[in-house]
Amino acid sequence: MPELAEVEYYKRRWEPALGQTVQKIDLHEKNRVFRGTDTEDLTKSLTGSQFSEARAHGKQMLFRFGEEGWLGVHLGMAGKLFCQSPETFEPHKHDHLVIHLEPSVLIFRDTRYFGRILWHRGPEEPDWWTQAGRNLLDDDYTEEIFRESLRRRSKTPAKSLLLDQKHFPGIGNWMADEILWRAAVHPEKRGGQLSEKEISALYQCLREVCRDAMRVIAPDWSDPPQSWLFRHRWKDGGICPKTEKPLARIQVGGRTTCYSPARQGKAP
DNA sequence: AACCCTGTTATCGA
DNA sequence: TTCGATAACAGGGT
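By UniProt numbering, the letter at position 84 of the first sequence is numbered 84, and the numbering carries on one by one without gaps.
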């Protein structure tokens, strides 16, 4: 489920425990979500440390413990984060990491095991954090930078390019469809086939969808309004809220894609 | 019961 | 090198 704004939402779920001290860790070290992670060092270093910082970038989260502990969380397809009190916490089969602080309990739950926990110890942030792509909501993420991404991958269908986390961190399946629909660009159109007007529209809609998602979803996971494609994309017989014509579903780059033929045209 | 999925990664081949 | 297609991962929802 989690894309840009959902990840921000889940990051905020852990923030109430900032400043608290870790008493105990529960984890299943053989678990897939710990692939490549030194769980022994994670357990040893986290215990007794103070939860000091919470950040999100794209689909990745970074939580700092003490000065030198950096816990990375990726939610995959179905990951969730919770913060509960010890009285209300009930262990769940798919709770892969449970951090008992005083007085809160932080939980990483993932029924599908596509998520991932990373761990790094040292004074500096880990490489997998500093090497992430640009923040699409920053003022310095300009149309020129967006154009450069299109140039670099001019033969890739627009839908597939938008899903590339190196270029567009945080964009996932529903956001990519929403952006293309708002910009009236067919998902299979390639970067090199886009007109100047289409490129500008895509850039504007990319920024707009990121802002709208953060505003509506990040604080309390509100339902987006009916005016978004989001509300219609999975319904059989869904109707485009802009044209009132039927929506269509196709596969692009292996991902199910919903679009409005009346608005976005036929395959190029 | 069969099929689908808001994600990532390895592999193969053009 | 680059990119697309495909499969794999694992469980829950429809």
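C-beta atoms are modelled at their ideal positions from N, C-alpha and C, and glycine is treated no differently.
Checking the DSSP bridge columns, you'll see Pro157 partnered with Arg190.
Residue environment: Gly79 is assigned as buried (16 or more neighbouring CB atoms within 10 Å of its CB, all protein chains considered). As the crow flies, the alpha-carbon of Trp129 is around 15 angstroms from that of Thr37. DSSP, reduced to helix, strand and coil, places Glu68 outside both helices and strands of the structure shown, so it counts as coil.
Under the DSSP definition of a beta bridge, Val252 partners with Arg255. As the crow flies, the alpha-carbon of Glu198 is around 21 angstroms from that of Phe230. Ranked by Cα distance from Glu53, the first of Cys83, Glu40, Gln20 is Gln20. Unbroken beta strand (DSSP E) runs of no fewer than 3 residues, entirely contained in the segment 112-186, are found at 116-121, following chain order. Around the beta carbon of Arg249, fewer than 16 other beta carbons lie within 10 angstroms, which makes this residue exposed. Here the alpha carbon of Trp119 sits roughly 46 angstroms from the alpha carbon of Lys266. Judged by beta-carbon spacing, Cys210 lies within the 7 angstroms limit of Leu136, meaning their Cβ atoms are closer than that value. Taking C-beta separations shorter than 8 angstroms and ignoring five residues to either side along the sequence, the partners of Ile25 in its chain run Leu42, Thr43, Leu46, Thr47, Leu97, Val98, Ile99, His100, following chain order.
Taking all protein chains in view, the Cβ of Gly122 is surrounded by fewer than 16 other Cβ atoms within 10 Å, so the residue is classified as exposed. In the displayed model, Cys83 falls within a strand according to three-state DSSP. Under the three-pair Cβ rule at 8 angstroms, the segment 154-166 counts as touching the segment 174-193. Closest in alpha carbon position to Lys30, among Val22, Gln23, Thr39, is Thr39.
Exposed is the label assigned to Pro246, since fewer than 16 other Cβ atoms lie within 10 Å of its Cβ. Secondary structure of Lys266 (DSSP, three-state): coil. Straight-line spacing of the CA atoms in Asp177 and Glu102 works out to 43 angstroms.
By the Cβ rule, the segment 136-145 does not count as touching the segment 74-93, because fewer than three pairs are nearer than 8 angstroms. With 16 or more other Cβ atoms inside 10 Å of its own Cβ, Ile107 counts as buried. Under the three-state reduction of DSSP, Ser52 is assigned to strand. Of the residues assessed, Asp223 falls on the exposed side of the cut-off, its CB having fewer than 16 other CB atoms within 10 angstroms. Here the alpha carbons of Val252 and Ala213 stand approximately 23 angstroms from one another. A buried status is given to Asp110, since no fewer than 16 other beta-carbon atoms sit within 10 Å of its beta-carbon.
Under the DSSP definition of a beta bridge, Gln60 partners with His57, His74.
In the DSSP assignment, the residues bridged to Glu102 are Thr21.
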